[in-house]
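According to our numbering, the stretch in the sequence shown is residues 10 to 216, in order. In what follows, a single structure is set out as structure tokens and then discussed.
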Amino acid sequence: LKLVVLVSGGGTNLQAIIDGIADGSIPNTEIKAVISNNKNAYALQRAKDHNIAAACVSPKDFADRAAFNQALLEKIKSYEPDLIVLAGCLVVIPEIMVDAYPNKIINIHPSLIPAFCGTGYYGLKVHEGVLKRGVKVTGATVHFVDKGTDTGPIIIQKAVEVQQDDTPEILQRRVMEQAEWKIMPQAIRLIAEGKVRVENGKTIITE
Ligand code: GRF
């Protein structure tokens, strides 16, 4: 499976994919490139450290959003990916990209969708919402990307306990360690093994 991974920040989910490929838990898979909208994303450094092509396509370098969207899609297409992985990616995915790669883009969101997702819920804000509402269980979700925000068919979810004295930072770390870094490689493995299909907007996993 040829991957292009889109990142915006630290790249710990990217690192989980790199490690999963290296230790054989994700078979027959290669990261062709890592692309970030943020030239300072440490995720780009992680790619370089592993001799993976790293590129920055920033909205700041384009006259308008449509030009950025077009440039990003062309950059992605140049690597001929089988799957596009959003790993800590804060870019709104343009419709032209979803049209070009239907059910071939996956995203990880740090909550149990449909809770605490959609516009305004990203990064720490997700965990702030979880603590504000006082839910006892949260987690992470890997899903296919459609034209909505965090609305595509769900592939894998993993629950994580919320603890009494959690801060958003402590909770974010637990969700990453106990859920994100496990289900992201698992989802890619399932797709690489041809075990995931979508019917009526829901995934069917044939283990
Ligand atoms: C994490 O909170 C993750 O859930 C979200 O972006 C944040 C950073 O991810 N998708 P990463 O360390 O850049 O993979």
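Note that the Cβ used here is the ideal one computed from N, Cα and C, for glycine as well. This structure is a prediction, so every number in the text was calculated from the model and none was measured.
Backbone CA spacing between LYS48 and PRO90 [nearest angstrom]: In the sequence shown, residue 48 corresponds to position 39, counting from 1. In the sequence shown, residue 90 corresponds to position 81, counting from 1. Looking at the two C-alpha atoms, the distance is approximately 22 Å.
Counted within 10 angstroms of its Cβ, other Cβ atoms place GLU189 as buried (16 or more) or exposed: Position 180 of the sequence shown holds residue 189. By the beta-carbon neighbour count (other beta carbons within 10 angstroms, threshold 16), GLU189 is buried.
From GLU202, ASP175, PHE125 and GLY20, residue whose alpha carbon lies closest to that of LYS57: For this step, residue 57 is matched to residue 48 along the sequence shown. Checking every option, the nearest Cα to that of LYS57 belongs to GLY20.
Reduced DSSP secondary structure (H/G/I, E/B, other) of ILE213: On the sequence shown, position 204 is the one that residue 213 refers to. Correct three-state label for ILE213: strand.
Start-end ranges of the alpha helix (DSSP H) lying completely within the region 52-132, minimum 4 residues: DSSP runs (the alpha helix (DSSP H)) wholly in the region 52-132: 74-86 and 104-109.
Beta-carbon separation (whole angstroms), ALA196 vs ILE164, contact threshold 8 Å: As a position in the sequence shown, residue 196 is number 187, starting the count at 1. As a position in the sequence shown, residue 164 is number 155, starting the count at 1. Contact holds; Cβ gap of about 5 Å.
Classification of GLY148 by the beta-carbon crowding that lies within 10 angstroms, buried from 16 upward: Locating residue 148 in the sequence shown gives position 139, counting from the first residue. When all chains shown are included, GLY148 counts as buried.
Between the CA atoms of ILE85 and VAL144 - distance to the nearest angstrom: Position 135 of the sequence shown holds residue 144. Position 76 of the sequence shown holds residue 85. Roughly 38 Å separates the two Cα atoms.
Pairwise C-alpha distance: LYS141 and CYS88: What you label residue 88 is simply residue 79 of the sequence shown in a count that begins at 1. What you label residue 141 is simply residue 132 of the sequence shown in a count that begins at 1. The displayed chain sequence assigns Tyr, not Cys, to residue 88. For TYR88 and LYS141, the distance between alpha carbons rounds to 42 Å.
CB of ALA62 within 8 Å of CB of LEU53, strictly: Numbered from its first residue, the sequence shown carries residue 62 at position 53. Numbered from its first residue, the sequence shown carries residue 53 at position 44. No.
Supposed contact pair VAL43 and VAL16 - C-beta distance, whole angstroms, cut 8 Å: Working through the sequence shown from its first residue, we reach residue 16 at position 7. Working through the sequence shown from its first residue, we reach residue 43 at position 34. Yes, they are in contact, since the Cβ atoms of VAL16 and VAL43 sit about 6 Å apart, within 8 Å.
Alpha-carbon spacing of THR212 relative to GLU137, whole angstroms: Along the sequence shown, read from residue 1 onward, the residue named residue 212 stands at position 203. Along the sequence shown, read from residue 1 onward, the residue named residue 137 stands at position 128. Rounded to whole angstroms, THR212 to GLU137 spans 29 Å at the Cα level.
Closer than 7 Å: PRO177 CB and nearest ligand 1 heavy atom: On the sequence shown, residue 177 is found 168 positions in, with the first residue counted as 1. No.
Proximal residues to VAL94 (C-beta, below 6 Å), its chain only, five neighbours per side dropped: Locating residue 94 in the sequence shown gives position 85, where the first residue counts as 1. Within the same chain, VAL94 has close Cβ partners LEU12, VAL14 and ILE115.
PRO177 versus CYS126: straight-line alpha-carbon distance, rounded: In the sequence shown, counting from the first residue as 1, residue 177 sits at position 168. In the sequence shown, counting from the first residue as 1, residue 126 sits at position 117. The alpha-carbon separation between PRO177 and CYS126 amounts to approximately 15 Å.
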